[in-house]
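Residue numbers (the numbering used here): 70 to 333.
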């Protein structure tokens with residue numbers, strides 16, 4: 070089966086799959102939220118204020134101001150990757166969750182879509198929480214300088230959908246938990262370092278900048294930076310549409326690969 074022959078069988082059942090994941094999260098939210106709750110504070114305080122004292126940017130802005138848009142993109146990415154990567158693999162191969170759901174009227178496409186929607190939800194929750202943290206610390210960081218910052222939540226929705234699709238596509242291919250090292254080292258880490266979230270990439274070799282442009286995370290960072298600063302430009306349209314195109318492409322790939330994985 071290929072992308073052209075695929076006829077997605079998506080129904081309201083995908084929302085029930087999402088609801089199932091939500092209900093599980095509500096049962097374990099205390100342990101799930103501990104790291105998520107502390108990590109942004111630690112990173113902002115340690116890197117923004119600690120390391121930031123030793124970093125001087127040509128733009129003259131504080132390092133914590135430069136760092137904030139990257140954090141707003143990276144934390145949601147990790148949430149989506151872990152939820153629909155490692156989480157989906159365990160539901161497929163270890164917990165028998167997908168097998169149980171397939172005994173209901175839900176289709177494989179419903180399961181895939183429900184998982185991706187839940188990964189998107191986790192990414193959006195992360196982005197919203199970090200935005201709240203930045204607002205609390207804004208007196209010291211000056212990181213949020215525009216009411217347009219609320220738009221970061223909508224960027225996180227698109228970003229979450231994209232990275233959830235990438236992760237679940239990989240989960241459909243993985244045959245062992247150790248295989249996720251490839252996802253992390255070949256896909257996630259290059260985006261992590263070439264996103265422009267930790268350091269400006271305009272002084273990198275031109276070939277590296279060209280590669281970075283194709284990586285979706287840099288476009289999330291650029292959108293977040295513009296929304297936090299209030300410097301809206303036409304380039305944001307290109308950033309948004311590139312994220313949307315890649316998200317749709319990987320969603321289609323995820324549907325195909327999950328169908329191949331789950332049909333015996």
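Virtual Cβ for every residue (Gly too), placed ideally from N, Cα, C.
When secondary structure is reduced to three states using DSSP, residue 275 falls in the helix class. By the 16-neighbour rule on beta-carbons within 10 angstroms, residue 97 is exposed. For residue 321, the uninterrupted alpha helix (DSSP H) segment begins and ends at 304-331. Between the region 297-306 and the region 216-228, the count of Cβ pairs shorter than 8 Å is three or higher; the stretches touch. Residue 267: not part of any alpha helix (DSSP H); DSSP gives it neither H nor E. Looking from the CA of residue 327, the closest CA among 177, 102 and 316 belongs to 177.
For the pair residue 233 and residue 188, the CB atoms are nearer than the 8 Å cut-off. If you compare the alpha carbons of 166, 272 and 198 with that of residue 90, the shortest gap goes to 166.
When DSSP states are grouped into helix, strand and coil, residue 164 belongs to the coil group. Inclusion of residue 260 and residue 158 in the CB contact set at 8 Å is not warranted, their separation being larger than that value. C-alpha of residue 198 to C-alpha of residue 228: approximately 16 Å in a straight line. Taking the Cα positions, residue 331 is about 17 Å away from residue 155. The C-beta distance from residue 200 to residue 141 rounds to 7 Å, short enough to fall under 8 Å. Contact check for residue 190 against residue 323 fails: the beta carbons are separated by 8 Å or more.
Restricting attention to 292, 211, 286 and 329, the CA atom closest to the CA of residue 315 is found in 286. Only residues of its own chain outside the window of five on either side were considered, and among them 213 have a CB closer than 7 Å to the CB of residue 204, listed in chain order. Taken atom to atom, the span from the alpha-carbon of residue 235 to that of residue 129 is near 36 Å.
Check the Cα spacing between residue 320 and each of 184, 81, 268 and 108: the tightest is with 184.
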